[in-house]
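Per this note's numbering, the sequence shown starts with residue 113, numbered consecutively.
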Amino acid sequence: MPQIDIPSQFDVLVVGAGAAGLYTALCLPEYLQVGLITKETVSLSASDWAQGGIAAAISPEDSPSLHIEDTLEAGAGLCDRPAVEFLAQQAPSCIQSLVNLGVAFDRHGKALALTLEAAHSRNRVLHAADTTGREVTTTLTAQVLRRQNIQVIQQALALSLWLEPQSSHCQGVSLFYQGEIHWVRAGAVVLATGGGGQVFAQTTNPDVSTGDGVAIAWRAGAILRDLEFVQFHPTALTKPGADHFLISEAVRGEGAHLVDNEGRRFAFDYHSAGELAPRDVVSRAIFSHLQQTAADPATAHVWLDMRPIPADKIRHRFPNIIKVCQHWGIDVFNEPIPVAPAAHYWMGGIVTDLINRTNIQGLYAVGETASTGVHGANRLASNSLLECIVFGAQMANLKDELTKIKDEETKLSFHPLTFRLSDGDWQIQQTQLEAFREKLPRLVWQSAGICREQSVLADAIATVEFWQQDFAALPLSQFLMALRPYEPVKFDIPNAEKQLRLWAETRNLLDVAYLILKSAVFRTESRGGHYRLDYPQPDPAWQVHTLVQKHQWRKSVVPNK
Numbered sequence: 113m114p115q116i117d118i119p120s121q122f123d124v125l126v127v128g129a130g131a132a133g134l135y136t137a138l139c140l141p142e143y144l145q146v147g148l149i150t151k152e153t154v155s156l157s158a159s160d161w162a163q164g165g166i167a168a169a170i171s172p173e174d175s176p177s178l179h180i181e182d183t184l185e186a187g188a189g190l191c192d193r194p195a196v197e198f199l200a201q202q203a204p205s206c207i208q209s210l211v212n213l214g215v216a217f218d219r220h221g222k223a224l225a226l227t228l229e230a231a232h233s234r235n236r237v238l239h240a241a242d243t244t245g246r247e248v249t250t251t252l253t254a255q256v257l258r259r260q261n262i263q264v265i266q267q268a269l270a271l272s273l274w275l276e277p278q279s280s281h282c283q284g285v286s287l288f289y290q291g292e293i294h295w296v297r298a299g300a301v302v303l304a305t306g307g308g309g310q311v312f313a314q315t316t317n318p319d320v321s322t323g324d325g326v327a328i329a330w331r332a333g334a335i336l337r338d339l340e341f342v343q344f345h346p347t348a349l350t351k352p353g354a355d356h357f358l359i360s361e362a363v364r365g366e367g368a369h370l371v372d373n374e375g376r377r378f379a380f381d382y383h384s385a386g387e388l389a390p391r392d393v394v395s396r397a398i399f400s401h402l403q404q405t406a407a408d409p410a411t412a413h414v415w416l417d418m419r420p421i422p423a424d425k426i427r428h429r430f431p432n433i434i435k436v437c438q439h440w441g442i443d444v445f446n447e448p449i450p451v452a453p454a455a456h457y458w459m460g461g462i463v464t465d466l467i468n469r470t471n472i473q474g475l476y477a478v479g480e481t482a483s484t485g486v487h488g489a490n491r492l493a494s495n496s497l498l499e500c501i502v503f504g505a506q507m508a509n510l511k512d513e514l515t516k517i518k519d520e521e522t523k524l525s526f527h528p529l530t531f532r533l534s535d536g537d538w539q540i541q542q543t544q545l546e547a548f549r550e551k552l553p554r555l556v557w558q559s560a561g562i563c564r565e566q567s568v569l570a571d572a573i574a575t576v577e578f579w580q581q582d583f584a585a586l587p588l589s590q591f592l593m594a595l596r597p598y599e600p601v602k603f604d605i606p607n608a609e610k611q612l613r614l615w616a617e618t619r620n621l622l623d624v625a626y627l628i629l630k631s632a633v634f635r636t637e638s639r640g641g642h643y644r645l646d647y648p649q650p651d652p653a654w655q656v657h658t659l660v661q662k663h664q665w666r667k668s669v670v671p672n673k
C-alpha cells in the first residue's frame with residue numbers, strides 16, 4: 113500500500129472503520145477535516161462479518177415500544193431504559209438513511225423484507241441475504257471514499273491517547289504508521305474499534321478485534337462498564353485453519369441434533385429442551401460436556417448433525433451454510449459439522465452518554481467499543497449494527513463541541529528518536545510476545561469463558577498480572593511506555609510494521625484480559641452473559657453496573673428502568 117503523508121492535525125479523528133466508524137465519519141459535518149484510521153483496510157472489520165441483520169420496528173404490526181420491551185427483556189435487568197428508548201425510536205429513520213445511501217436490503221416486492229430472530233416478538237430484522245454486515249460496510253465505505261473532507265489512513269495503529277497535561281483533555285493520538293510513530297492532534301477523538309474477541313481462544317471475531325479502543329481508553333483514565341458480560345454463541349464451526357463461522361440457531365430449530373463423539377445427544381443431560389434450549393444454556397451444556405470428556409477442552413468440539421433435516425429443506429433454507437462447509441471440506445448431507453461455543457459480542461465497554469461523550473473531554477466512543485446502556489447484561493439479536501448507526505448519527509448533533517481546530521501557534525520540532533535492537537535481542541523479544549499471544553487466549557477461555565468460578569478466576573488474574581510485568585520489562589515496552597508527546601520515533605528493526613502491531617495488540621489483549629477477569633470475579637452472581645458456577649443465580653443486590661476506572665472497581669447506582 114503506498115505511503116501517504118499524514119497531516120499533523122485533524123478536526124476529528126475516528127479510530128476504526130467498521131460500521132460505527134464509517135457511519136460516524138459520514139455523519140460529521142462536511143466542513144470538518146476528518147481522519148479515519150484503520151489498522152487493516154476499510155473492508156476488514158467485525159461488522160463486515162455480521163451475518164444476521166439490523167433490527168428496526170418499521171412494519172405496521174410492530175412498534176418501537178415492542179422493540180424496547182424485547183431489548184429490556186434480553187438485557188436481564190441492566191439496560192438503561194432511556195438509551196433503549198432512544199435506540200428503538202431512532203431505528204426507523206436510521207434505516208431510511210441507510211437505504212438512501214444505497215444499502216440494498218432484501219425486499220418482498222417493494223417492501224423491505226423482515227425476518228424473525230430469537231427473543232424478538234415481531235418480524236423486525238432487515239437483512240441482505242446472510243451477509244448484511246458486508247452490504248452495510250461496503251456501501252458506507254464507498255460513500256466515505258467519495259467525501260473530500262475524510263482522509264482514510266489504512267494500516268495504521270493508534271497506540272495511545274494524547275492528553276493535555278493540565279486539563280487531561282484528549283487532544284489527539286500517537287499513531288504507528290509506515291515504520292514510524294507520529295503524534296496527530298485533533299479537536300476530538302472517536303474510538304470505534306469494535307470488541308475484544310481475540311482475547312478468547314474461540315471467537316467469531318476477526319483477527320483485528322483485540323480490544324484496542326477499550327484498552328487505550330482505560331489506560332488514559334476513561335470509565336468502563338460491565339466488562340464481564342460476553343455473549344457466547346453455542347455453534348461456531350470449529351476446524352483447524354477454518355474461520356469460526358456461525359452455524360445459525362435456525363439449523364437446530366429445523367431438527368439438527370447436537371451429538372458428542374459417541375453420537376449421543378448429550379444436551380438433554382443439561383436441559384429438558386436439549387439443543388433447543390436458550391443460547392446461553394446450550395453454550396454451557398457444550399462447554400461443560402467438553403470439560404468432562406475432552407483431553408484439551410480449549411480446542412475440542414462436539415458435532416452438529418444436519419442429516420435429520422430433509423435434504424431439500426437444507427438446500428432451500430441453508431444454502432450459505434452448505435457453501436461455507438463445502439469450502440472447509442464438510443459435506444453436511446453426509447457428515448456432521450464440528451462445532452463449539454465461541455465468544456461473539458462484548459456487551460461492556462467505555463461508558464458514554466446518548467451523544468457518545470466519555471468522562472474524558474474530547475473523547476467519544478461508538479459501537480461495540482462503547483457502553484451506551486442499550487444491551488445490559490445480554491444483547492438482543494441484531495441490535496449491534498443498529499447501535500452503530502443510531503449512535504454514529506449522533507455525532508452530527510455535536511456541532512458546538514466539534515469545531516475546526518486552529519493551526520498550532522508554534523510548531524515544535526524534534527529530531528526523530530530511533531529504536532534499535534540487535535537481531536538476537538529482537539528474536540528473544542518476538543518469541544516472548546508470540547508466547548503471550550498463544551497462551552493468553554487459552555487462559556481466558558478456560559477461566560473467564562462460558563462458566564466461571566472464584567478460584568480459577570483468581571489464579572488467572574495472578575497469571576495475567578505476572579505476564580503484564582514480564583511484558584513491561586521488554587526493551588520495546590520500556591522505550592514506548594516512556595515516550596513523551598511530540599517525540600516521533602523511527603524503528604531500526606526487522607519487519608517493524610509486523611512487530612509493532614504484535615507488541616501493541618499483545619499489550620491491549622493483556623489489559624483486556626485483566627479487565628474481564630477482574631470484572632468477572634467482582635460480580636458474585638450469574639446474569640446474562642456472565643455465569644458463575646459458585647453463584648449460579650441472579651442476585652437482586654447485583655442489579656447494578658460494574659464500573660471500572662484505572663484499578664478501582666465499584667457498583668453503580670440502580671440503573672434507569
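We treat Cβ as the ideally placed atom computed from N, Cα and C, and that holds for glycine.
In this structure, the straight-line span from the alpha carbon of Gly189 to that of Ala195 is close to 14 Å.
Approximately 4 Å separates the beta-carbon atoms of Asp174 and Arg234; this is inside 8 Å, confirming the contact. One alpha carbon belongs to Thr484, the other to Leu199, and they sit about 10 Å apart. Going by C-alpha positions, Lys435 is about 10 Å away from Arg427. Here Pro204 is not near Ile180, since their CB atoms are 8 Å or more apart.
In this chain, Asp123 is not harboured by any alpha helix (DSSP H); it is covered by the beta strand (DSSP E) spanning 121 to 127. For Glu292, same chain residues with a beta-carbon under 6 Å away, outside a window of 5 residues either side, are Lys602 in chain order. Residue pairing of Glu361 in beta bridges, as defined by DSSP: absent, with no partner found. Secondary structure note for Lys602: its beta strand (DSSP E) is the uninterrupted segment 601 to 604.
In the assembly as shown, Ile467 is an exposed residue. Its beta-carbon has fewer than 16 other beta-carbons within 10 Å.
In terms of CA proximity to Ile421, Arg364 leads the group Val393, Trp440, Arg364, Gln438.
Fully enclosed alpha helix (DSSP H) runs of no fewer than 4 residues occupy 391 to 405 of the region 385 to 421, in order along the chain.
About 5 Å separates the CB atoms of Val154 and Ala129; that is less than 8 Å, so the two are in contact. Remark: three or more beta-carbon pairs, one from each stretch, lie closer than 8 Å, so the region 119 to 136 and the region 503 to 510 are flagged as touching. Closest by C-alpha distance to Leu629, out of Val568, Ala585, Leu586, Pro597, is Val568.
Under the three-pair Cβ rule at 8 Å, the region 614 to 624 counts as touching the region 305 to 317. Just measuring C-alpha positions, the residue of Phe591, Val302, His527 sitting nearest Leu140 is Val302. The criterion of a C-beta distance shorter than 8 Å is satisfied by Gln580 and Tyr626.
Distance from the CA of Gly375 to the CA of Ser559, rounded to the nearest whole angstrom, comes to 28 Å.
Of the residues assessed, Ala454 falls on the buried side of the cut-off, its CB having 16 or more other CB atoms within 10 angstroms. Sorting Ser668, Ser400, Val669, Lys662 by C-alpha distance to the C-alpha of Arg331 places Lys662 at the top.
Between the alpha carbons of Ala608 and Arg532 lies a gap of roughly 11 Å.
Excluding its 5 nearest sequence neighbours in each direction, Ile166 has C-beta neighbours in its own chain below 6 Å: Leu238, Ser494, Leu497, Leu498, listed in chain order. Per DSSP, reduced to three states, the secondary structure at Trp615 is helical. The straight-line gap separating the alpha-carbon atoms of Val320 and Thr305 is approximately 9 Å.
Pairing Gln201 with Pro172, the inter-Cα distance amounts to about 15 Å. Using a 10 angstroms sphere on the CB of Ser120, the tally of other CB atoms stays under 16, which defines it as exposed. In this model, Leu659 and Arg419 are separated by some 47 Å (Cα to Cα).
Per the DSSP secondary-structure output, Val296 pairs in a beta bridge with Val285.
When the five nearest sequence neighbours on each side are left out, the beta carbons in the same chain lying within less than 8 Å of the beta carbon of Pro650 are those of Ala188, Gly189, Glu637, Ser638, Arg639, in order along the chain.
In this structure, Asn317 sits near Gly307, with a CB-CB distance shorter than 8 Å.
Spatial neighbours of Leu612 in its own chain (CB-CB distance under 6 Å, excluding positions within 5 residues in sequence) are listed in chain order as Phe288. Straight through space, the alpha carbons of Cys282 and Val463 are spaced by roughly 16 Å. Ser360 counts as buried, since at least 16 other C-beta atoms from the protein chains shown sit within 10 angstroms of its C-beta.
For Arg337, the number of other beta carbons within 10 angstroms of its own is at least 16, and it is reported as buried. In the DSSP annotation of this structure, His345 is not part of any alpha helix (DSSP H); the continuous beta strand (DSSP E) holding it starts and ends at 342 to 349.
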